[in-house]
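One structure below.
Numbering (full-length UniProt numbering), first residue to last: 1 to 703.
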């Protein structure tokens, strides 16, 4: 059935359930509805670099790279309080290769990339997290030294410079502080690798550069711009040489060639020299593109994965170089990750399979395999070889038992900017988020794991814009194709669609609200529409704004009054009973992004946005009655008791403000990019924030 609304359309029987139904408005006025946050427009445009995240309304770029660490779970800014703590930050940059590692010395400690952050986490207690900050873009490469003393991280090219510089940061793991910022690479860091003795760090970038740094004095040992990009780089164990300096063998791949690079110290020039020699391939020809390489414990054999799904085996030595020995077919979708431990070789492929091979040298047999969700972009093992962590392209981290390959999801998160968040009024055990790429996730708040996903079937290109969780646990979602889609929450990986309203708006559905009687929707087309709860037919529409609706909800005490704010800088109150505008407020500056309502006797509307303070609006007065000088806020929500405002800034801060004193109670830094949405739980014990970097933060509140 086509439910496309027509201008001025009313339901067939002429009865407006808002104006002529036995609704106990007094009783409904005691409810404290959750106000879903608005979707900022224009949308974030992803091109070649979807990790360039920020509120698209802002023209300024993210801060320059700084030497900053986060020694506690939730960094407190200069104005701080002990009444709040970061319980957990959720997410994983699964689109990048090898960005998760188990610490080689500290058991149950993992290090992984999350947007622009490095997360150090207790594998057995996800709430024990430490964060390292220093990047202004997504971390695209991450590695640990063999001893676990150093962390190296590289990022996508920065937008804060005339050229897309991609710095590499060397971190002291124990001190949780940056030791040095290496520069000279551009566009994207593609590979990072430490020498086995921690003395050198090699890095490659998508601009075909290769740089090797000395980790002791931070000097450049080798720097070269190549004609063909390097696909992989790994170090062999150091070997004795004729001088007091060790000899290093470095394996690289360019195109269809594997090279064994020898780095020797030249006494005459008093510096290391790098010489390159190709590995010997079969005379019949073996043309492959290589993806990942590991070397056995003795440094005698090299195992290289290919796009064709094979493991190519080479013997390596400083005298004979690299010699091809054998090929083992493993996968149909390419080998993306390899980990070797003793006599076990674990291979992750593009078809989601993890395979365990046992053997040695050139003789390997398949022992077990499992199939998981997403491409296996990362595999790492613990120091004892008892457990693997696998990072997938869909943002999941799996824990895998190496003996039987039994697996369990450890972490899961969004891969694009989160544009919608909703917490139900009647429970504190779940919440819902939606991202720009069109994935809805229903979260278990206790475990911070995804219960189910809601994705339009056979519509991979449709983008998400807003979401609201009904008290009956129906997920009502708004989309950029103008549809409103509702989903049932199930225990299945993907929940089925329950119903949809076709072409509810022209363009994105930017704001949603739902109660027991009707649905409210605001759109990119600047129109507010009211839909019947049962038949989902259009009851009425309100056409008073000139730009997209950023927030719409009914009044707390008089649900026949509809409040809305828009990117046209106006706030309207509209009476559904009289079908007339009650009052119009006009913001002089900035763009309105979000709105909530006081719960005390004043019942004033509270707005926030770009280049404007927090403002309070009375229904009887056109001008704002008061303001709080806090600007560049993307989202605002009032606590269930009506005493505290939780706001999210474009610099990633959660800011708590007292309604009574209008003073800032505290600023807390969590995300690496702007906060997109903020919401309270119904018991007021926690605040949830989401970000344009795809992360979700759960904060404990003790006020």
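We put the CB at the ideal spot given by N, CA and C, even for glycine.
Query, Result
"Grab me the residues of residue 90's own chain with a C-beta within less than 6 Å of its C-beta, minus the 5 sequence neighbours each way, in chain order.", "413, 448 and 696"
"DSSP state of residue 99, grouped into three classes?", "coil"
"What is the rounded straight-line gap between the Cα of residue 203 and the Cα of residue 125?", "32 Å"
"Give the DSSP-derived three-state secondary structure of residue 706 in the structure shown.", "Nothing can be reported for residue 706: it is not among the residues displayed for the chain, which extend from 1 to 703."
"Could you give the residue range of the beta strand (DSSP E) that holds residue 223?", "220-225"
"Assign residue 52 to one of two classes, buried (16 or more other C-beta atoms within 10 Å of its C-beta) or exposed (fewer than that).", "Because residue 52 carries a pLDDT of 38, less than 50, the predicted location of this residue cannot be relied on, and the following value inherits that uncertainty. It counts as buried."
"Can you find the residues in the same chain that come closer than 8 Å, C-beta to C-beta, to residue 429, ignoring five residues on each side of it along the sequence?", "444, 445 and 446"
"To test your reading of the DSSP string, which unbroken beta strand (DSSP E) runs of 3 or more residues are found completely within the segment 297-328?", "301-306 and 310-317"
"Does the separation of the CB atoms of residue 154 and residue 166 fall below 9 Å?", "yes"
"To which residues of the same chain is residue 234 closer than 6 Å at the C-beta, ignoring the five residues directly before and after it?", "193, 251 and 293"
"Report the residue ranges of all alpha helix (DSSP H) runs contained in full by the segment 103-184; include only those spanning at least 4 residues, in chain order.", "none"
"Assuming residue 421 contacts residue 433 under a Cβ cut-off of 8 Å, what Cβ separation, rounded to an integer in Å, is found between them?", "5 Å"
"Does the beta-carbon distance from residue 698 to residue 86 come in below 9 Å?", "yes"
"From the DSSP output, in three-state form, read off residue 444 for me.", "strand"
"Can you check which of these residues, 333, 645 and 316, is closest to residue 305 by C-alpha distance?", "333"
"Using CA coordinates, which residue listed in 666, 669, 691 and 685 is at the minimum distance from residue 678?", "691"
"Note down, one range per segment and in chain order, each beta strand (DSSP E) of at least 3 residues found wholly within the segment 205-282.", "209-214, 220-225, 230-235, 248-254, 257-266 and 271-278"
"Can you give me the Cβ contacts of residue 427 inside the same chain, cut-off strictly under 6 Å, excluding the 5 residues immediately before and after it?", "none"
"Would you say residue 323 and residue 280 are within 9 Å of each other, going by their C-beta atoms?", "yes"
"Please list, in chain order, all residues of the same chain as residue 470 whose beta carbon is under 7 Å from its beta carbon, the five residues on each side excluded.", "476 and 514"
"If you compare alpha carbons, which of 284, 277 and 224 is closest to residue 319?", "277"
"Tell me whether the beta-carbon of residue 217 lies closer than 9 Å to the beta-carbon of residue 205.", "no"
"Considering only residues of the UniProt repeat \"WD\" (502-541), which uninterrupted beta strand (DSSP E) runs meet the minimum length of 3 residues and lie entirely inside it, listed in chain order?", "509-514, 518-523 and 528-532"
"Please list the terminal residues of the continuous beta strand (DSSP E) segment that includes residue 85.", "84-90"
"Between the Cα of residue 540 and the Cα atoms of 560, 546, 457 and 284, which residue gives the shortest distance?", "560"
"From residue 701 to residue 635, what does the alpha carbon distance come to, in whole angstroms?", "18 Å"
"Check each candidate in 478, 176, 571 and 455 and name the one with the smallest Cα separation from residue 494.", "455"
"Span of the beta strand (DSSP E) holding residue 544?", "Run containing residue 544: none; DSSP gives neither H nor E here."
"Beta-carbon separation of residue 718 and residue 527 under 9 Å?", "The shown model of the chain, from 1 to 703, leaves out residue 718, and the question about it has no answer."
"So, are the CB atoms of residue 84 and residue 654 less than 9 Å apart?", "yes"
"Provide the residue(s) that pair with residue 554 in DSSP beta bridges, ordered along the chain.", "562"
"In terms of alpha-carbon separation, which member of 530, 538 and 605 lies closest to residue 556?", "605"
"Using only the alpha-carbon positions, how far apart do residue 127 and residue 108 sit?", "13 Å"
"Could you tell me if residue 266 is buried or exposed, where buried requires 16 or more neighbouring beta carbons within 10 angstroms of its beta carbon?", "exposed"
"DSSP three-state label for residue 350, please.", "coil"
"Nearest-angstrom Cα distance between residue 392 and residue 137?", "20 Å"
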